[in-house]
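Residue numbers (UniProt numbering): 1 to 206.
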């Protein structure tokens, strides 16, 4: 196994958005690469000069991947289709980490969640990591080291809340479903911000 990790950086399709986000992403990338090198690995940045801004570009760039680990780093909002189709080209056995910038200025975390929804839908297994303070290496070095060494990183989630459901609750739920039947429709897909997620009146279908 080579100690090389590929880093892929998708962003927006709009030049104006990328012009604002990319300079910040480059600074974050420099810190991330430093952490990777401290872990004894080599970072192979697939697109060091500019972000992926289309599916076609992503499909071309992903062919440069040669590492035994893969990090998809979103410094801001990134369209999910810039990740899903390109990542589909990678070998299934290569461990993949979705890394999102959690700084308040740009929605890198939102881009990550939207992309993960898409990759999960087509069966691409990934880990996920959110970073806010990239210059504080101690904040995320352990997570990066775990992913590089073990090929996986399990993002710590809060304990789920147990909700007891009895027959009465089920009966009420069935009643609501029956009342709504035929009146609304839902379309759900791997996009956030209401792009593909919607519930609307189905009057136009009648």
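Every residue, glycine too, gets a C-beta built ideally from N, C-alpha and C.
Going by the beta-carbon positions, is the gap between residue 4 and residue 44 smaller than 9 Å?
yes
Among the residues of its own chain, which have a CB less than 7 Å from the CB of residue 39, if the five just before and after it don't count?
144, 145 and 148
Candidates 150, 136 and 97: which alpha carbon is nearest residue 1's?
150
Whole-angstrom distance between residue 31 and residue 241, CA atom to CA atom:
Lying outside 1 to 206, the shown extent of the chain, residue 241 is not represented and no answer is given.
Stretch pair the region 76 to 96 + the region 104 to 124: three plus CB contacts closer than 8 Å:
yes
CA-CA distance, residue 16 and residue 179?
47 Å
Would you list the one or two residues that DSSP bridges to residue 96?
70
Going by DSSP in three states, residue 129 sits in which element: helix, strand or coil?
strand
Which residue's Cα is closest to the Cα of residue 42: 135, 68, 125 and 153?
68
Counted within 10 angstroms of its Cβ, other Cβ atoms place residue 177 as buried (16 or more) or exposed:
exposed
Starting from residue 7 and walking both ways along the alpha helix (DSSP H), at which residues does that stretch end?
Counting along the chain, residue 7 falls outside any alpha helix (DSSP H), though it belongs to the beta strand (DSSP E) covering 4 to 8.
Should residue 36 go down as buried or exposed, given a rule of 16 or more other Cβ atoms within 10 Å for buried?
buried
Flag this pair as touching only if the region 81 to 92 and the region 20 to 29 have three or more C-beta atom pairs under 8 Å; answer yes or no.
no
Give me the residue from 47, 110, 46 and 158 with the minimum Cα distance to residue 99.
110
DSSP three-state label for residue 20, please.
helix
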